[in-house]
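Right, one structure below, let's go through it.
2 protein chains.
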Amino acid sequence: MFSKACEYGIKASIFIAINSYKGKLVSPKEIAKEIDSPQAFTAKILQDLVRHNIINSIKGAYGGFEIRKEELASIKLSQIVNAIDGDNIYNGCGLGLNNCSEEHPCPVHEKFKSIRDNLKYMLENTNLEELALDIKSGASFLKV
Amino acid sequence: MFSKACEYGIKASIFIAINSYKGKLVSPKEIAKEIDSPQAFTAKILQDLVRHNIINSIKGAYGGFEIRKEELASIKLSQIVNAIDGDNIYNGCGLGLNNCSEEHPCPVHEKFKSIRDNLKYMLENTNLEELALDIKSGASFLKV
DNA sequence: TTTAATTAGGATATTTTTATCCGATATATT
DNA sequence: AATATATCGGATAAAAATATCCTAATTAAA
Numbered sequence: 001m002f003s004k005a006c007e008y009g010i011k012a013s014i015f016i017a018i019n020s021y022k023g024k025l026v027s028p029k030e031i032a033k034e035i036d037s038p039q040a041f042t043a044k045i046l047q048d049l050v051r052h053n054i055i056n057s058i059k060g061a062y063g064g065f066e067i068r069k070e071e072l073a074s075i076k077l078s079q080i081v082n083a084i085d086g087d088n089i090y091n092g093c094g095l096g097l098n099n100c101s102e103e104h105p106c107p108v109h110e111k112f113k114s115i116r117d118n119l120k121y122m123l124e125n126t127n128l129e130e131l132a133l134d135i136k137s138g139a140s141f142l143k144v
Numbered sequence: 145m146f147s148k149a150c151e152y153g154i155k156a157s158i159f160i161a162i163n164s165y166k167g168k169l170v171s172p173k174e175i176a177k178e179i180d181s182p183q184a185f186t187a188k189i190l191q192d193l194v195r196h197n198i199i200n201s202i203k204g205a206y207g208g209f210e211i212r213k214e215e216l217a218s219i220k221l222s223q224i225v226n227a228i229d230g231d232n233i234y235n236g237c238g239l240g241l242n243n244c245s246e247e248h249p250c251p252v253h254e255k256f257k258s259i260r261d262n263l264k265y266m267l268e269n270t271n272l273e274e275l276a277l278d279i280k281s282g283a284s285f286l287k288v
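In order, the protein sequence lines correspond to chains X and F.
First residue of the first sequence? That's 1 in my numbering, and the numbers climb one at a time after it.
First residue of the second sequence? That's 145 in my numbering, and the numbers climb one at a time after it.
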């Protein structure tokens, strides 16, 4: 469904969100340990998220990554997915046709429509704050 | 969503299905042209589908690929997807956790559940015959 | 039985994705 | 100003996915 990079990006964002709640900055090292991902590769993804203005980086000593508290509830999963994988997963054709549309549909166009739309709706209506709260309460987990 | 190989596999199967209706065998060359895919790579995928008993090959002169007419309606998209990409797309965790479950869910487990289940249901309840009939009637298209 | 047509399959190449390494740059503290 | 601690970013490596090429094996027809 998503690329490895995107899976790491989502999990990293959630972990950063949890810590930003407490006002704590986190490093790629801590993140990679917590989400069980390769550290250097994860760092690249973090840079990508910074460039897309999804997370914030504080450079230099005592630096790290954070997400501004007031933005936690407004950052949607779709932003992270789109930043890393693009929008093909929820906007593209299921069989890879470039010009698939209602007027010129691929064989699975109708069958995929509701699935794709549900996915899109879900990604656009799930925010980081709710995901972070579930981790904090022990309702969900980032690894193992 | 699916790999390129899987997209080609689905489209190839549909094209073979259409021709098998008429009792006509088709070659990798014809298939690749019709679904707009690289020929040799497509041929590999066809071999894979043969090994999985989804399509049938007739070797030697005047040979080609076919699907037994009586099986057209019973071959499901899920079989093709599973043969080429495995079942991860509709059975695996959205964030790649190995042991994601109701008892130990990833952060998006609940949110993904209905999407994954709908996808699974759709793939398991869509057969090659209906897809082939839509192409034949001009209701859907394999390329461009 | 020879020939031509066709799938099977191994070897290899290319591209993309995933992953690692290291020096440059930035910055808070001493 | 010097130092220690971080992120940034370029170079490179490794693995996986995608794609190509060539020969072997098979088989219908002449």
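Where is the CB? At the ideal position from N, CA and C, for every residue including glycine.
What you are looking at is a predicted structure, and each value in this text was computed from that prediction instead of being measured.
Can you tell me whether residue i is buried or exposed, with buried defined as 16 or more other CB within 10 angstroms of its CB?
i         : result
Asn197(F) : exposed
Lys155(F) : buried
Gln79(X)  : buried
Asp278(F) : buried
Ala176(F) : buried
Glu151(F) : buried
Pro182(F) : exposed
Glu70(X)  : exposed
Gly204(F) : exposed
Ser284(F) : buried
Ser157(F) : buried
Asn82(X)  : buried
Gly9(X)   : buried
Tyr62(X)  : exposed
Gly240(F) : buried
His248(F) : exposed
Tyr234(F) : buried
From what residue to what residue does the alpha helix (DSSP H) around residue i run?
i         : result
Asn91(X)  : 88–91
Leu142(X) : Careful: Leu142(X) lies outside any alpha helix (DSSP H) and carries neither H nor E.
Ser13(X)  : 4–21
Glu129(X) : 128–136
Met122(X) : 109–124
Glu102(X) : No alpha helix (DSSP H) contains Glu102(X), which DSSP labels as neither H nor E.
Asp192(F) : 183–195
Lys29(X)  : 28–35
How would you list, in chain order, the residues of chain X whose beta-carbon sits under 8 Å from the beta-carbon of residue i?
i         : result
Lys255(F) : Met122, Thr126
Ile259(F) : Ile115, Asn118, Leu119, Met122
Which residues in chain X have a C-beta closer than 7 Å to the C-beta of residue i? List them in chain order.
i         : result
Ile219(F) : Per Cβ cutoff of 7 Å: no residues; Ile219(F) is ~14 Å from chain X at best.
For residue i, report the span of its beta strand (DSSP E) as first-last.
i         : result
Ile75(X)  : No beta strand (DSSP E) contains Ile75(X), which DSSP labels as neither H nor E.
Asn56(X)  : 56–58
Glu210(F) : 208–210
Is the beta carbon of residue i less than 8 Å from the beta carbon of residue j?
i         : j         : result
Lys220(F) : Asn163(F) : no
Ile67(X)  : Ala17(X)  : yes
Gly208(F) : Ile199(F) : no
Gly230(F) : Phe256(F) : no
Leu275(F) : Pro107(X) : yes
Val144(X) : Asn243(F) : yes
Leu286(F) : Glu174(F) : no
Ala73(X)  : Glu129(X) : yes
Ile259(F) : Ile115(X) : yes
Met122(X) : Met145(F) : no
Phe41(X)  : Val26(X)  : no
Counting only Cβ pairs nearer than 9 Å, list the residues of chain F close to residue i.
i         : result
Val144(X) : Leu241, Asn242, Asn243, His248
Leu131(X) : Pro251, Val252, Lys255
CB of residue i to nearest heavy atom of the ligand GTP: below 7 Å?
i        : result
Leu77(X) : Absence of the ligand GTP from the depicted structure is noted, as is the absence of any ligand whatsoever, leaving it without description.
What residues of chain X sit near residue i, judged by a beta carbon separation below 9 Å?
i         : result
Gly238(F) : Met1, Phe2, Glu7, Ile10
Ser284(F) : His104, Pro105, Cys106, Pro107, Val108, His109, Glu110
Ile233(F) : Met1
Could you work out which residues of chain F lie near residue i, taking near to mean beta carbons separated by less than 7 Å?
i         : result
Ile67(X)  : In chain order: nothing, as chain F lies at least about 15 Å away.
Asp134(X) : Pro251
At a Cβ cut of 8 Å, what residues of the region 6–31 of chain X count as close to chain F, listed as they run along the chain? Glu7, Ile10, Lys11, Ile14
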